[in-house]
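Student: I have a structure I would like to understand better, so I am pasting it below and will then ask my questions one at a time.
2 protein chains.
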Amino acid sequence: MVVTPQLLKTFPLLSGLPDATLDDVAAQSSVRKAARRAIVLNAGQNEEQICFLFEGRLQGVDFTIDGREVGLYFVEPGEFCGELCLFDGGSQPEFVMALTPSVIVSIPLNTMHELLKKHPELFATVSAKVAGHVRKMTFQRSLLGLPNIAQRVCCQLWMLVPEKDKEKEEAHIRNPPTHMEIAIMLNISRETVTRVFQSLQNRQIVKRDGTSLLVVTQVSVLRDYAEGKQEL
Amino acid sequence: MVVTPQLLKTFPLLSGLPDATLDDVAAQSSVRKAARRAIVLNAGQNEEQICFLFEGRLQGVDFTIDGREVGLYFVEPGEFCGELCLFDGGSQPEFVMALTPSVIVSIPLNTMHELLKKHPELFATVSAKVAGHVRKMTFQRSLLGLPNIAQRVCCQLWMLVPEKDKEKEEAHIRNPPTHMEIAIMLNISRETVTRVFQSLQNRQIVKRDGTSLLVVTQVSVLRDYAEGKQEL
DNA sequence: CGTCCTGTGTGACTGCAATCACCCCGCGTC
DNA sequence: GACGCGGGGTGATTGCAGTCACACAGGACG
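The listed protein sequences correspond, in order, to chains A and B.
Going by the working numbering, the residue at position 63 of the first sequence is 63; the numbering climbs one at a time, nothing skipped.
Converting from the second sequence to the working numbering requires adding 232 to each position, the first position being numbered 1.
Here you go:
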């Protein structure tokens, strides 16, 4: 499929670029669709492309030596991934997999390099993204250190509460991860996640509204659990 | 204490810089000593300095919400830390603590920024270091996903085997982390680490030589354990 | 309509690592 | 020498989360 400059403009990182530049980049880029659970980027390979997510949802995942899946982060529409090789030309550290059918725009590594050279202001954005990634991973790592499993789940849930809702008493989490996805991120079993959720629902702290919406009815209580001020 | 250009030259990152530049940087930098378990960089603060380790050993550590310590990485002499704020001006994500009495050279963030602007080749090195950090964290995260604890310990041990010894049958690990430090990195208890080590020693796969040297006598067997090809 | 698949809910069982309690040893230092 | 302290070693106990097995609901799809 053909990449139009208009398509590229939908991505915050690129939206400020002059039309001529976008024409140029568009000509060298490509679009593709990825089915559910399709691999978008392979770990351990020099992927030579930066992926921009137009539609769908991706997850960075790794696998342990014994084949277990390890969830690392999500990629939402408008965001990009695979940028690490811009920094050292090394290989992609983790797999990126489509959680839902997705549409992905790929810009070749070289094109991206040229672009960053010409527009250093983009470089700052990409750097900040990597820095943010490090911060997130550090936080996630500290989550895994929690001995209390329920607390771990609550922390992750708290992370998913939109910033704007954190002070309110009710929060909406759209398209929440499945229990399995949460389990993989937190290094616990799917059943355990389900049990924690049951417990939260019984106490009317969260409730589900269809498959694509999770309502946190008592945000402050959730925070207390997350911070260990209360035990579940 | 006064920082001399000669001192700065001992750091690989800075060794190629012209003397005039080093004079300049030295004038704005400072040296300090850190006692064992002293905090070198504080998490959550805008530290505004890049720390170069001249002597000793540092560890990046985080704390879970409930106060548990989480070990992240080590800093060896000649290396630096605290560079993440160069990328986004954000705060330091984790604590950096001295494992042994250490000597640290601090270069202010602004000075460092100027330096990188004037010498983009340094920027590549710093970028590569951050990228490498991300890779390491990703790997460490996948370690934590291992359900078999003994395997986790063996993997960590395998990581500590110097690159040059990985193909040999005997490897030397200088200044190995204490059981406690390993336990913290792997999110398991100190006793469990001890028991795994006992098991490895009984099978004559590793042996200790004083406090500051650990000898891996059967490197290939250790690798098999690490890769899950054999069970301990 | 039936079928398939994914996601969720739940009970029973069990194994394994955390915890606790205590030991020893070596080292620095008062 | 006595002492404290950090580091390592070990047994007994226990609780908790993983695992297994199965049930059920809802959506997609022919």
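Glycine residues also receive a C-beta, built at the ideal position from the N, C-alpha and C atoms.
Quick caveat, the model's predicted, so the values are computed rather than measured.
Going by the beta-carbon positions, is the gap between Gly60(A) and Cys81(A) smaller than 8 Å?
Tutor: Yes, they are a contact pair.
Student: What's the call for Glu231(A), buried or exposed, on a 16-neighbour Cβ count within 10 Å?
Tutor: exposed
Student: Any idea what DSSP makes of Ile104(A), helix, strand or coil?
Tutor: strand
Student: So Glu353(B) and Cys317(B) are supposed to be a Cβ contact under 8 Å. How far apart are they, rounded?
Tutor: At roughly 21 Å, the Cβ-Cβ gap does not stay under 8 Å, so Glu353(B) and Cys317(B) are not in contact.
Student: For the alpha helix (DSSP H) that Gln140(A) lies in, which residues bound it at each end?
Tutor: For Gln140(A), the enclosing alpha helix (DSSP H) starts and ends at Pro120 to Leu144.
Student: Suppose the cutoff is 8 Å on Cβ atoms and the five residues either side in sequence are ignored; what does the same chain contact list for Pro77(A) look like?
Tutor: Leu53, Phe54, Glu55, Gly56 and Arg57
Student: Could you give the DSSP three-state label for Phe11(A): helix, strand or coil?
Tutor: coil
Student: Taking only beta carbons into account, state which residues of the segment 259-292 of chain B come closer than 9 Å to chain A, listed in chain order.
Tutor: Ala275 and Gly292
Student: With 8 Å as the threshold, decide whether the Cβ of His365(B) is near any Cβ in chain A.
Tutor: yes
Student: Assign Glu279(B) to one of three DSSP states: helix, strand, or coil.
Tutor: coil
Student: Residue range of the alpha helix (DSSP H) that Arg223(A) falls in?
Tutor: In the DSSP assignment, Arg223(A) falls within the unbroken alpha helix (DSSP H) covering Val219 to Ala226.
Student: If you follow the beta strand (DSSP E) that Ile271(B) is part of, which residue opens it and which one closes it?
Tutor: Ile271 to Leu273
Student: For a contact meaning CB atoms closer than 7 Å, what does Arg195(A) contact in chain B?
Tutor: Among the residues of chain B, none has a CB under 7 Å from the CB of Arg195(A); the nearest is roughly 19 Å distant.
Student: Please classify Lys166(A): does DSSP put it in a helix, a strand, or coil?
Tutor: For Lys166(A), the secondary structure class from DSSP, reduced to helix, strand or coil, is coil.
Student: Taking just the CA atoms, how far does Arg455(B) sit from Val328(B)?
Tutor: 30 Å
Student: Going by beta carbon distance, what residues of the same chain come within less than 8 Å of Gln260(B), once the five residues before and after it are set aside?
Tutor: Ile339, Pro340 and Thr343
Student: Cα separation between Glu181(A) and Pro101(A)?
Tutor: Pro101(A) has its alpha-carbon roughly 16 Å from the corresponding atom of Glu181(A).
Student: For the segment 309-329 of chain B, which residues have a CB atom closer than 9 Å to at least one CB atom of chain A, in sequence order?
Tutor: Listed by position along the chain: Leu316, Cys317, Leu318, Phe319, Asp320, Gly321, Gly322, Ser323, Pro325 and Glu326.
Student: Under 7 Å Cβ-Cβ, which residues of chain B neighbour Asn187(A)?
Tutor: Leu376 and Gly377
Student: In whole angstroms, what is the alpha-carbon distance linking Ile104(A) and Gly71(A)?
Tutor: 20 Å
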